[in-house]
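Participant: There's a structure below that I have some questions on.
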Amino acid sequence: MLPYARGGGLDADAWLRGSSLTRGVPPEYIDAWLAALLNYMLDSGNQPEVAASPHLRSHGRHTSRLLWDWLASRQQTAERGRFPRP
Numbered sequence: 010m011l012p013y014a015r016g017g018g019l020d021a022d023a024w025l026r027g028s029s030l031t032r033g034v035p036p037e038y039i040d041a042w043l044a045a046l047l048n049y050m051l052d053s054g055n056q057p058e059v060a061a062s063p064h065l066r067s068h069g070r071h072t073s074r075l076l077w078d079w080l081a082s083r084q085q086t087a088e089r090g091r092f093p094r095p
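What follows is the structure, encoded as structure tokens:
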């Protein structure tokens, strides 16, 4: 849920630092988890459409954009416009 909350303006990184579940977790572990989720959502969003769930793939693509932006801001290496967003 944090990628969506971050997209709505929540400081998700501050939330992660304050949560008893993630406080003290090395930042590179958080980045690895975000990258794994990003990879999953990129793959999911690029699968054929599902007739029974017409918004499933667009949801995957939307979520991948949220994760991409979050991971890029955490890495501070990807400038907006330098790397194409998914």
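Numbering (our numbering) for the sequence shown: 10 to 95.
Quick reminder that beta carbons are idealized off the backbone N, C-alpha and C, glycines included.
Small disclaimer: the values here were computed from a predicted structure and weren't measured.
For the putative contact between L75 and D40, defined by C-beta atoms under 8 angstroms, what is the C-beta separation to the nearest angstrom?
Facilitator: Working through the sequence shown from its first residue, we reach residue 75 at position 66. Working through the sequence shown from its first residue, we reach residue 40 at position 31. Rounded, the Cβ-Cβ distance is 15 angstroms, inconsistent with contact.
Participant: Which value, in whole angstroms, describes the spacing of the CA atoms of M10 and R70?
Facilitator: Along the sequence shown, read from residue 1 onward, the residue named residue 10 stands at position 1. Along the sequence shown, read from residue 1 onward, the residue named residue 70 stands at position 61. Their Cα atoms are separated by approximately 15 angstroms.
Participant: Does S62 come out as helix, strand or coil in the three-state DSSP assignment?
Facilitator: On the sequence shown, position 53 is the one that residue 62 refers to. Strand, per DSSP.
Participant: How would you write the range of the alpha helix (DSSP H) that N48 sits in, first residue to last?
Facilitator: The sequence position of residue 48 within the sequence shown is 39, counting from 1. Per DSSP, N48 belongs to the alpha helix (DSSP H) from P36 to G54.
Participant: Tell me which residues share the same chain as E58 and place their Cβ nearer than 6 angstroms to its Cβ, disregarding the 5 neighbours each side in the sequence.
Facilitator: Numbered from its first residue, the sequence shown carries residue 58 at position 49. If we look at E58 and ignore the five residues flanking it on each side, its Cβ neighbours are R66.
Participant: Judging by CA-CA distance, which residue of M50, A61 and S82 is the nearest neighbour of H68?
Facilitator: Against the sequence shown, residue 68 aligns to sequence position 59. Answer by Cα proximity: M50.
Participant: Please classify W77 as buried or exposed, where buried requires at least 16 other C-beta atoms within 10 Å of its C-beta.
Facilitator: Counting from one through the sequence shown, the residue named residue 77 turns up at place 68. Burial call: buried.
Participant: Please classify S73 as buried or exposed, where buried requires at least 16 other C-beta atoms within 10 Å of its C-beta.
Facilitator: Here residue 73 refers to the residue found at position 64 when the sequence shown is read from its first residue. Answer is buried; the Cβ neighbour count reaches 16.
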